[in-house]
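Same order as they appear, the protein sequences are chains A and B.
Under this note's numbering, the first residue of the first sequence is numbered 502, with each subsequent residue one higher.
Under this note's numbering, the first residue of the second sequence is numbered 129, with each subsequent residue one higher.
Contents: one structure, followed by commentary.
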Amino acid sequence: MIAHFPILVIVVLLVAAAIVPLVGRINRTASWLTACAGCLASFLMAVSILSTVLDSGRISYWLGNWAPPFGIEYAYDPLNAFVLVLVSFVAFMVAVYARDSLEKELDPHRITPFYAVYMLFVAGLMGMVATADLFNLYVFLEITSIAGYVLIAVGRKRESLMASFTYLVMGTIAATFVLLGIGYLYMVTGTLNMADLARLLPDLYHSKVVLTAFAFFTVGLTIKIALFPLHNWLPNAYAFAPSVTSTIMAATATKVGAYALIRVMFTVFQPEFEITVVHVTQVLLFLATIAILAGSILAVAQTDIKKMLAYSSIGQIGYIVLGVALMNHLGMIGSIMHILNHALMKGGLFLVVGAIVYRHGFTHIQDFVGLGRKMPFTMAAFTIGALSMIGVPLTVGFVSKWYLALASLDAGMWYFVPVLLISSLITAVYFWRVIDNIYFKKTEKEEPATGIQEAPIGMLVPTFVLALLCIVFGIFASFPISVAEQAATLLLMR
Amino acid sequence: MEIIQSAAPLYAVLVSLLAVVLIGVSGRNPNLRESWTIIAALIKFSIVVSMLPKILDGTIIEYTAFSVMPGLDIAFRVDPLAMFFALTASLLWIVTAFYCIGYMRAGKEKNQTRFYMCFAVALSAAMGIAFSANLFTLFVFYEVLSLCTYPLVVHKQTPEAIKGARTYLFYLLGSSIAFQLAAIILTYHYAGTLEFVAGGILAGTASNGVITLIFILFIAGIAKAGIMPLHIWLPAAMVAPTPVSALLHAVAVVKAGVFTVVKVVLFVFGVDLLKEIGLGMALAYVASFTIIVASIMAMRQDNLKARLAYSTVSQLSYIVVAVALLSASGITASLIHIMIHAYGKITLFFVAGAIYIAAHKTKVSELDGIGRQMPFTMIAFTIGAFSMIGVPPFAGFISKWYMALGAIEANMYPIIGVIILSSILNACYFMPIVYAAFFKPVPLGESAKMHEAPAHMVVPLCFTAFGVLVLFFASPFLLNLARMVVTSVTGGS
């Protein structure tokens, strides 16, 4: 049984996606329970995979026992086992949270299908992380994208459809680019297995076909992760989707995209390729810097909390790309840590927003006055998330910024340190505006004392778990750092 | 030098955090709530005092709480330097706790539970700064102190309070992220450690240009020390209730700033390195400018608290100038002034609060004849003012005396001129208040009958005024403690 965890971790989600509509005929609670059970099972298996990888090294699983490069291989090393645990954990938390939130935000007859599509979405993400086969990666990319369009479009707002359509257009272009990249590589090498490609490609680095393939991969994946200036599908998609969708997409989808980018850049292609042949790192560093600054500045200008968080995500993606493009050990650790951090922080913050929508139905920052009194626990979680986004020490946000700053100095590119610090300051500005509203502004008209109107416990617990993890991993960062370190060593030392 | 492991410094930090929880749950019962503050303050002070005999024996207490990530630990070390700040802050917290009760209740302030909770967190942070064993620990508590005092400054929640508090946070958090964190990152990159080591960790690790850059980033990043032009947050913070101005913006927060400067100068750069590059002299002159200009600005303030705030800015720079002299007497002056200024300035702020509560006056020009209405309060004010000016037998004299000696040792004679000039300016902005209070007639329509603030407020301010006198006569104790620091950082030369 344990030997088959590498595939079951994804199959269980797909099976759950099929069962959800069936049990949905009983009632909505049954479909919710099925979704939660699926995510939990997947999470537990992911944990088991990670611990095996950390104990005894790389796992290679051959689908149908066909040996690679002819069969499809699923391979786990510290990097993707780590991302796998992260994605399944966040998916589980969001699934638990979804019950109350969806009852409020969706039409009743859409709730059961939503769970089914949600499971497909998560399965797609997990598959992208698990697979060691490029074409398989594309298949899962499409599964997750198509599920994503549905998850956004299902929102009640009229804009949801438009947001979903924009994302569909951009997402399809991205997926097509990735497919073209895969096709070109297959053309010259005749293989789709990542390890096999890594073996065959170095001789072909100067082939025009390989260069074109790399360009398609890079552009396609940077659309998926919304790296500035290819980001404009993201703010509306996050803002007009149901809260559950915003959360799962913000916390996991872009992270998995970043993971795929790292895989292509460092496993399929080798670091030497980026350094000596295409010089793509200069471009990525430049774009990352712009993303970090522009994302933060645009976030300041937002009046809607969901849009603010969305633009802040665009900035945070810049951090991940920055660490990757620095091409050194510390930078890679910083990036991998930021994948973890951002999933926890942004996930937690979007869950808070969902709770506000559930109780009060507004997302305008100026309406937040007095929420600190009405929803003390939810707002405490928001404050933790905000401090972590700013990068206050003893929160996870500090850990990755610390590594990224040291990595910049290590690479001799000191000018990224001010970029990181300035963006922290801007982050402080836009979050402090919200915190001032929540706790310190007085309401203009004296409202009757309504007392505490907290979110239901089913929403509060997942929100708090994510917020507390921001602190736990900020104080005891050694474990995730040791995993990230192993991953960075594997990626860079060849 | 003996080193022992003990969790006492950790407990000193944690005791007020525990009190935060207790204060929070007993918000409905004010008497119980305030007694938690007082109990925590007493326990904290006794923990600090219990460590004192060992420190005087030359022992160092160390404790590593946990490791955040490779190279970054939360660790504590208690040495004579830490004692200066810890003793001051913990004893004055007890006094302020009583004063707060009088002030907050007489003023019928809202949100008192939040107020006391944040106050307790601030004291934890101050202890954490005092006992930090490395730059990372210090930075963590420095940021905690900025964040937890924000609700205290914004307390009244009026538009002016929000504006003032935002300025406060913008300067403190902004400079610490933009400059101090950058300096810490650079220090770690070049030195490979953030540990405080007597004599410094940066010597020989980087070129002089880089070290100068790190030094400038540190000084700009420690806005809590109030060196111009990063002093603006301090007058802005005066919108806070007076106990906050008294304990935090005359003692805990600003002293955390100068303490950090002292720590960075002596334990990150080291006396020899700074002398070699000449950065000590540069810092001394920059801070001298602050001393003079802040004194002149203090003269122009009519609001009593604003005048005291500028006086604080000026006095903080005394501490910075003194340590920047890098001579034995200079360092001594700097250390003892941390404690001496605290007693004097907290007395003056207590007085300002007492006048506000008893007579509802906030302006200097309204204080004619108030010495007759509030004799005890105004005598305490006079003692505090004399100490600021540096008249014997008040404690301020001792620090100025050693500072002048330090300037001679360092061959920086212009500094003596700065001391004399600023003493004259101090007299110019404090003496008119004393004169008006005691010798000008009471304005028409006001009775000259004695009308003091509540005893909760008058007793603490008399206590701290008395402390100013005690410190003058207890100076051998302070000098002894300071000598231990000087010996460790200069290698006994």
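Using N, Cα and C, we set each Cβ at its ideal position, and we do this for glycine too.
No experiment lies behind these values; they were computed from the predicted model shown.
Item	Value
Given LEU200 of chain B as reference, the closest of B:ALA225, B:PHE514, B:LEU275 and B:PHE324 once Cα atoms are compared	B:PHE324
The region 166–177 of chain B in contact with the region 214–221 of chain B per 3-pair CB rule at 8 Å	yes
Cutoff 8 Å: PRO357 of chain B Cβ touching any chain A Cβ	no
Within-8 Å CB hit, GLU288 of chain B to chain A	no
Limits of the alpha helix (DSSP H) - the one that ALA326 of chain B falls within	Taken as a continuous stretch (DSSP letters only), ALA326 of chain B belongs to no alpha helix (DSSP H), as it is neither H nor E.
Where the alpha helix (DSSP H) containing LEU799 of chain A begins and where it ends	781–801
Spatial distance of ILE674 of chain A from LYS725 of chain A (CA atoms)	10 Å
Neighbourhood of ILE424 of chain B by C-beta, 6 Å cutoff - its chain only, sequence neighbours within 5 removed	none
Of the listed residues A:ASN566, A:ILE927, A:VAL858 and A:ASP868, nearest to VAL801 of chain A (C-alpha basis)	A:ILE927
Contact check, PHE544 of chain A vs PHE583 of chain A, beta carbons under 8 Å	no
Start-to-end residues for the beta strand (DSSP E) that takes in ILE132 of chain B	130–133
Neighbourhood of GLY873 of chain A by C-beta distance below 7 Å, restricted to the same chain and skipping five residues each side	MET880, ILE939 and TYR940
Beta-bridge pairing of ASN262 of chain B - partner residues as DSSP gives them	B:GLU323
Proximity below 8 Å, CB of PHE615 of chain A to CB of LEU603 of chain A	yes
Beta-carbon proximity list for TYR484 of chain B, same chain, < 7 Å, skipping 5 on both sides	THR370 and THR490
Which listed residue (B:LEU444, B:LEU209, B:GLY545 and B:THR165) has its alpha carbon closest to that of THR615 of chain B	B:LEU209
Contacting residues, own chain, Cβ-Cβ under 8 Å from MET994 of chain A (five flanking each side not counted)	none
Pairwise C-alpha distance: ALA258 of chain B and PHE384 of chain B	Before going further, note that residue 384 of chain B is Ala rather than Phe in the sequence given. Their backbone Cα atoms lie some 8 Å apart in a straight line.
Run of the alpha helix (DSSP H) containing VAL196 of chain B, from where it starts to where it stops	From DSSP, VAL196 of chain B is part of no alpha helix (DSSP H) but of the beta strand (DSSP E) over 187–197.
Residue from A:THR755, A:PHE590 and A:ILE936 whose Cα sits closest to the Cα of THR645 of chain A	A:THR755
Test: ALA203 of chain B CB closer than 8 Å to a CB of chain A	no
Opposing strand residues paired with ALA203 of chain B [DSSP bridges]	B:THR192
Three-state class that DSSP yields for TYR316 of chain B in the structure shown	helix
DSSP state of ASP937 of chain A mapped onto helix, strand, coil	helix
Inter-residue Cα distance where the pair is ILE798 of chain A and SER924 of chain A	8 Å
Cβ of VAL893 of chain A within 8 Å of any chain B Cβ	yes
Alpha-carbon to alpha-carbon, TYR619 of chain A and ILE520 of chain A	13 Å
Beta strand (DSSP E) runs contained entirely in the region 852–938 of chain A, provided each spans 3 or more residues	none
Alpha-carbon spacing of ALA348 of chain B relative to ILE976 of chain A, whole angstroms	27 Å
Backbone secondary structure at LYS491 of chain B - three-state DSSP	strand
Host alpha helix (DSSP H) of TRP164 of chain B (start-end)	158–184
Cross-chain neighbours of ALA365 of chain B in chain A, by beta carbon under 8 Å	Here the premise fails: no neighbours, minimum Cβ distance about 15 Å.
Where LYS943 of chain A meets chain B, residues with beta-carbon distance less than 7 Å	GLN285
Beta-carbon spacing of ILE305 of chain B, PHE387 of chain B below 8 Å	no
Local Cβ density within 10 Å of SER621 of chain B, reported as buried at 16 or more and exposed below that	Confidence is the limiting factor: at SER621 of chain B the pLDDT is only 47, short of 50, which leaves the residue's position unreliable, though a coordinate-based value still follows. With fewer than 16 Cβ atoms within 10 Å of its Cβ, SER621 of chain B is classed as exposed.
Cβ-Cβ separation, ILE183 of chain B to VAL148 of chain B (assumed contact under 8 Å), whole Å	At roughly 27 Å, the Cβ-Cβ gap does not stay under 8 Å, so VAL148 of chain B and ILE183 of chain B are not in contact.
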